[in-house]
Amino acid sequence: MKSSKTAVIIPTYNGSRFIVDTVEAFLNQDANNVSLYICDDCSDDGTADLLKRQYDHLDNVNIYRSDKRLGIAKIMQFAAHIIPQDIEYIAWFSHDDVPSQDKISKQIAALRQSNADFCTHSVTVSDASISYNYNSWLFGRRYFRKNTYLNLIKFGCFIPTISLMVKRDTLDRYQHPVRFSSSSDFAYLLDLCRDLNGIHLDKELATYRRHESNYTSDYTHAFSDISIVNYNYENYQVPNSVRKFALCRIYFFKLCYIIIREKVLLSKKSIMLMRKTAKYFSFGFCMYAIWLISQRVLFRLIFKRWSR
Numbered sequence: 017m018k019s020s021k022t023a024v025i026i027p028t029y030n031g032s033r034f035i036v037d038t039v040e041a042f043l044n045q046d047a048n049n050v051s052l053y054i055c056d057d058c059s060d061d062g063t064a065d066l067l068k069r070q071y072d073h074l075d076n077v078n079i080y081r082s083d084k085r086l087g088i089a090k091i092m093q094f095a096a097h098i099i100p101q102d103i104e105y106i107a108w109f110s111h112d113d114v115p116s117q118d119k120i121s122k123q124i125a126a127l128r129q130s131n132a133d134f135c136t137h138s139v140t141v142s143d144a145s146i147s148y149n150y151n152s153w154l155f156g157r158r159y160f161r162k163n164t165y166l167n168l169i170k171f172g173c174f175i176p177t178i179s180l181m182v183k184r185d186t187l188d189r190y191q192h193p194v195r196f197s198s199s200s201d202f203a204y205l206l207d208l209c210r211d212l213n214g215i216h217l218d219k220e221l222a223t224y225r226r227h228e229s230n231y232t233s234d235y236t237h238a239f240s241d242i243s244i245v246n247y248n249y250e251n252y253q254v255p256n257s258v259r260k261f262a263l264c265r266i267y268f269f270k271l272c273y274i275i276i277r278e279k280v281l282l283s284k285k286s287i288m289l290m291r292k293t294a295k296y297f298s299f300g301f302c303m304y305a306i307w308l309i310s311q312r313v314l315f316r317l318i319f320k321r322w323s324r
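So the number in my numbering is just where the residue sits in the sequence shown, counting from 1, plus 16.
And the structure:
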């Protein structure tokens with residue numbers, strides 16, 4: 017079978033701590049014709065210099081550095097525009113995460129065997145500070161059965177940056193929206209799910225490495241997610257019940273995270289989040305929270321991180 021030309025887009029900012037592991041993992045993929053397009057968003061920790069020293073001699077590693085800070089959404093838009101026209105598939109990835117050896121080949125095979133325009137997969141989450149793993153894809157195949165778009169709004173993002181592969185024509189038609197800053201990857205995936213056909217592989221083909229510099233470790237990250245939910249509610253006739261469930265989920269998980277991080281039950285931030293959670297609380301969310309606890313997801317999250 018003829019091998020497909022595949023591009024992996026890796027935006028980076030101050031990624032010198034992790035990015036070599038990421039690049040090495042892609043250079044050791046079992047698929048052929050894989051090229052890397054690494055776009056450095058004006059890092060000040062020597063990321064671009066490190067990459068050029070180690071990989072500038074390789075034809076399939078392309079390194080670009082912005083002269084000024086653009087932000088995650090704009091650097092992703094820049095990356096999308098430099099991909100050659102003969103590339104058939106494009107995978108997005110992050111500078112601090114690690115793909116499995118068969119990630120590219122498995123996703124290409126799935127897209128070839130289906131009529132899907134894009135493909136996602138499950139992700140393992142690994143904490144860089146303490147040793148534990150768990151599967152972050154909490155809802156498995158449910159997303160890509162019925163009402164994928166609404167389910168993603170309702171239950172949230174499953175780290176699409178490292179699990180998403182799209183076909184060439186999809187890349188040309190859609191881009192990461194700048195208006196949502198750090199959550200532009202979530203907004204991008206929602207646009208795809210609303211308009212196109214997707215397929216999900218229930219296999220863990222990448223590891224998300226959680227650490228103190230993750231976007232998801234930032235308390236303000238929640239407000240970008242909230243903007244996305246409200247934008248879709250206002251512009252695409254999302255039911256209000258779905259919106260309320262989504263907002264309650266976002267506030268609830270940020271509340272848990274603030275309590276865990278600060279190790280204080282009542283603080284100015286946590287009280288504000290408690291009020292917001294209560295505002296959108298519903299019977300449906302109550303059942304969802306009970307399900308999470310029954311699966312020991314919250315138990316693992318709280319007690320593992322509290323023990324740091």
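Backbone N, C-alpha and C fix where the C-beta goes; we use that ideal spot for every residue, glycine too. Predicted model, so just to flag it, every value in this text is computed and none were measured.
Query	Result
Would Ser121 and Asp46 qualify as a contact pair, given that the criterion is a beta-carbon distance under 8 Å?	yes
Quick check on the burial criterion: 16 or more other C-beta atoms within 10 angstroms. Buried or exposed for Gly214?	buried
Where are the alpha helix (DSSP H) runs, 4 residues long or more, that stay fully inside the region 189 to 222, in chain order?	200 to 211
Nearest CA to the CA of Asn167: which residue from Phe202, Gln93, Asp56, Ala89?	Phe202
Going by C-alpha distance, which of Asn131, Lys119, Val245 is nearest Ser138?	Lys119
Under 8 Å, do Asp57 and Pro27 count as touching if we go by C-beta distance?	yes
Can you tell me whether DSSP reads Asp185 as helix, strand or coil?	helix
If you check the beta carbons only, do Thr223 and Leu208 fall under 8 Å apart?	no
Would Tyr252 be called buried (16 or more neighbouring beta carbons within 10 Å of its own) or exposed?	exposed
What three-state label does DSSP hand His137 in the structure shown?	strand
Helix, strand or coil for Val39? Go by DSSP, reduced to three states.	helix
Within the same chain, show all residues whose beta-carbon is closer than 6 Å to that of Cys267, passing over the 5 residues directly before and after it, in chain order.	Looking at the sequence itself, residue 267 is Tyr, so the reference to Cys does not match. Closer than 6 Å at the Cβ level, and outside the excluded window around Tyr267, lie Leu289, Lys292, Thr293.
Secondary structure at Ala47, three-state DSSP: helix, strand or coil?	coil
Taking only three categories from DSSP, how would you classify Asn149?	At Asn149 the pLDDT is 42, less than 50, meaning the model places this residue with poor confidence; the figure from the coordinates comes in the next sentence. Residue state, collapsed to three classes: strand.
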